[in-house]
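Student:
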């Protein structure tokens, strides 16, 4: 029993230390963002290892009934140029909890895990996440610095 409790405490501590709410900037008007977190990340800029999987979370609160979202988009912004980063299954409603339709006054968490290819170049960059409506309108946009190592 003692071993199980110790293992649980160590696992919880590791998870807490490996994920971090990151300081972010909004890149346009839109839905209020409550928090953004990256796992693994222990300090800014978050170090994303090539050949590994990173989990991103954006917590937001809908001000109006939105219904169903469209797609998520991820960009690497370097030297002012936003380069799309491919996402597997970018449909937002597959990755948001509570599930769609989105209703006013409810706090939602969008969670997406993605792999950084080993072949990706090492670089310091800014990640930009956009959540778009089914009509293509940007509903939420956040940015934060990362290092791809």
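In mature numbering (1 follows the signal peptide of the UniProt record, and there is no 0), the protein residues as written are -19 to -1, 1 to 130. From the three backbone atoms N, C-alpha and C, an ideal C-beta is built for every residue, glycine too. Fair warning: this is a prediction, and the values are worked out from it, not measured in the lab.
In whole angstroms, what separates the C-alpha of residue 1 from that of residue 115?
Tutor: 30 Å
Student: Taking the C-alpha atoms as reference points, what is the distance between residue 100 and residue 8?
Tutor: 29 Å
Student: Starting from residue 55, trace the beta strand (DSSP E) in both directions and tell me its first and last residue.
Tutor: 50 to 59
Student: Could you check which residue in 123, 57, 127 has the C-alpha nearest to that of residue 6?
Tutor: Checked all of 123, 57, 127; the closest Cα to residue 6 is 123.
Student: Between which residues of its own chain and residue -17 is the CB-CB distance below 7 Å, once the five residues before and five after are set aside?
Tutor: Only weak support exists for where residue -17 lies, its pLDDT of 40 falling under 50; the coordinates are left without a value.
Student: DSSP state of residue 75, grouped into three classes?
Tutor: helix
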